[in-house]
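Numbering (this note's numbering), first residue to last: 498 to 920. Cβ atoms here follow ideal geometry from the backbone N, Cα and C, with glycine treated the same way.
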RNA sequence: GGAGAGGUGGCAGAGCGGUUGAAUGCACCGGUCUUGAAAACCGGCAAGGGUUUAUAGCCCUUCGUGGGUUCAAAUCCCACCCUCUCCGCCA
């Protein structure tokens, strides 16, 4: 959520900054509601104040053994007007909140202009697409050949967009998780956490999945819990309603978790293979930092994700998302795109974002600023480090051999009993 | 799932219908003392919102959450959530 004060005081300015996203803010409606709110709120609070002082008077009179009948009558009149005014206020305010919660974050000034992913700006490239002296297969064909990836049985067990991995592929998948967590915790200073995969509605509200994106989530109605679409939700919410000591900042967490996404609106997109699943695993990095540090932190965090790709010797590029492609809560996002020989394309494998105070405001995640000695909103960031399923695909496709076997990257071998190849 | 106890400011912990937004302690900030520090002493210190040029004043709201009773609720009633103890079940 944006700062309501900012929206109130600089409505036109906010609207023009949101244009970068291709969003047209309905400033007239907001201004109208806002004007209404002001009048009603002032009146309501006046009445409350009056009621309070009169009630105190009654207390005083009664304490002295007097007759408070007349004052009590006055209060009764105040009350009936107050009740009506309070209802009006609540109506206007709930309308305003609904609008405010649906307003996305303001893009950082460095975010490139543009409407779609075609307008994203390539920042840098690492490595170059591998050349093969044979026609490279995609991971589906490779998995089918070895029999170690089974989509059909997963469809039987649950439905489409699920997968069963077996044997060395399942193990390779697990090895990737180990590599990522170990690297981030021992080399990049993150604290490993293990968190709930079911969260309540407040947590989803905190990170911005609710109220706007309910249809993307799996919901357990009986308990009103949501399956996490990313570890970002439970991990970032560690700081919800907390005031973090300045000495403990920045807080850096790394977390492996399954992610559940209903992929509503993505039907027909990436239906082949493991690119887009209802359930996948991800290693997520989350940082809670002082506001002044958040853009340096974004660069670092992106570098931490890149380090994994470099260790795996996977060619990739970094793109800065343009305004139109930016996620709802993010002020700035770098996507890491890995080269997939099977598709002859760079595909997203990580997304690293600075949310500034957007999530923190919703979560009341604050820190004690020693300079002001006040609790102030902190900044939140997160990034995939990396999406495990997609990394598995990338390894399979980039390290495939002519016979369909897969060479295991050096760094993973210690997690695989020094095995060198998967047949 | 059953029985009991409880949820109050950054933390601990009083208050159990009316000058209580909340005693007290700790933490924190400022000061005195000190070569400096500690100790001691003095003072300050909740959050959110509205109004406003204002981080000044004034006002409103908040004692788990939501409802109710009352002129008045942290205090009484109801529902829900959570925590703790005991019992049951269980990886």
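Going by DSSP in three states, residue i sits in which element: helix, strand or coil?
{"i": "residue 728", "result": "coil"}
{"i": "residue 854", "result": "coil"}
{"i": "residue 860", "result": "helix"}
{"i": "residue 784", "result": "strand"}
{"i": "residue 639", "result": "helix"}
{"i": "residue 869", "result": "coil"}
{"i": "residue 733", "result": "helix"}
{"i": "residue 502", "result": "helix"}
{"i": "residue 608", "result": "coil"}
{"i": "residue 762", "result": "coil"}
{"i": "residue 602", "result": "coil"}
{"i": "residue 905", "result": "coil"}
On a CA-only basis, which of the options is nearest residue i? Give me that one, please.
{"i": "residue 789", "options": "756, 850 and 875", "result": "875"}
{"i": "residue 832", "options": "798, 855 and 863", "result": "798"}
{"i": "residue 768", "options": "546, 658, 701 and 644", "result": "658"}
{"i": "residue 635", "options": "605, 575, 696 and 890", "result": "890"}
{"i": "residue 730", "options": "747, 887, 753 and 746", "result": "753"}
{"i": "residue 820", "options": "697, 617, 712 and 555", "result": "617"}
{"i": "residue 610", "options": "886, 817 and 631", "result": "817"}
{"i": "residue 498", "options": "887, 708 and 842", "result": "708"}
{"i": "residue 916", "options": "649, 698, 666 and 547", "result": "666"}
{"i": "residue 747", "options": "863, 904 and 521", "result": "863"}
{"i": "residue 866", "options": "590, 722, 843 and 787", "result": "787"}
{"i": "residue 706", "options": "757, 841, 523 and 604", "result": "757"}
{"i": "residue 548", "options": "773, 540 and 572", "result": "572"}
Can you name the start and end residues of the alpha helix (DSSP H) that residue i belongs to?
{"i": "residue 699", "result": "698-704"}
{"i": "residue 832", "result": "It is not in any alpha helix (DSSP H) - residue 832 instead sits in the beta strand (DSSP E) that spans 829-837."}
{"i": "residue 769", "result": "Counting along the chain, residue 769 falls outside any alpha helix (DSSP H), and DSSP gives it neither H nor E."}
{"i": "residue 887", "result": "885-895"}
{"i": "residue 799", "result": "791-808"}
{"i": "residue 545", "result": "524-560"}
{"i": "residue 841", "result": "That residue, residue 841, is in no alpha helix (DSSP H); it is neither H nor E in DSSP."}
{"i": "residue 583", "result": "566-598"}
{"i": "residue 932", "result": "Because the chain is modelled from 498 through 920, residue 932 falls outside the range shown and cannot be assessed."}
{"i": "residue 488", "result": "Lying outside 498 to 920, the shown extent of the chain, residue 488 is not represented and no answer is given."}
Using the C-alpha atoms, what's the distance from residue j back to residue i?
{"i": "residue 910", "j": "residue 693", "result": "30 Å"}
{"i": "residue 894", "j": "residue 872", "result": "49 Å"}
{"i": "residue 743", "j": "residue 504", "result": "29 Å"}
{"i": "residue 570", "j": "residue 538", "result": "24 Å"}
{"i": "residue 782", "j": "residue 763", "result": "25 Å"}
{"i": "residue 785", "j": "residue 828", "result": "15 Å"}
{"i": "residue 580", "j": "residue 545", "result": "10 Å"}
{"i": "residue 761", "j": "residue 822", "result": "18 Å"}
{"i": "residue 687", "j": "residue 846", "result": "20 Å"}
{"i": "residue 519", "j": "residue 612", "result": "7 Å"}
{"i": "residue 803", "j": "residue 882", "result": "8 Å"}
{"i": "residue 765", "j": "residue 732", "result": "31 Å"}
{"i": "residue 650", "j": "residue 642", "result": "16 Å"}
{"i": "residue 749", "j": "residue 682", "result": "9 Å"}
Assuming residue i is part of the beta strand (DSSP E), what are its boundary residues?
{"i": "residue 511", "result": "Premise fails: residue 511 lies in the alpha helix (DSSP H), 508-515, not in any beta strand (DSSP E)."}
{"i": "residue 753", "result": "748-757"}
{"i": "residue 481", "result": "Nothing in the structure corresponds to residue 481, since the chain is present only between 498 and 920."}
{"i": "residue 684", "result": "No beta strand (DSSP E) holds residue 684; the alpha helix (DSSP H) holding it covers 664-684."}
{"i": "residue 660", "result": "No beta strand (DSSP E) holds residue 660; DSSP gives it neither H nor E."}
Using 8 Å as the cut-off, can you tell me whether the segment 598-613 makes contact with the segment 515-532, which would need three or more C-beta pairs spanning the two stretches below that distance?
yes
Looking at C-beta atoms only, is the number of pairs between the segment 805-824 and the segment 671-680 that lie closer than 8 Å three or more?
yes
Tell me whether the segment 834-850 and the segment 625-640 touch, counting them as touching only if at least three CB pairs, one residue from each stretch, are closer than 8 Å.
By the C-beta criterion, the segment 834-850 is judged to be in contact with the segment 625-640, since at least 3 inter-stretch pairs fall below 8 Å.
Could you check whether the segment 708-717 touches the segment 736-751, counting it as contact only if at least three pairs of C-beta atoms, one from each stretch, sit closer than 8 Å?
no
Is there contact here, the segment 854-872 with the segment 700-709, by at least three beta-carbon pairs under 8 Å?
yes
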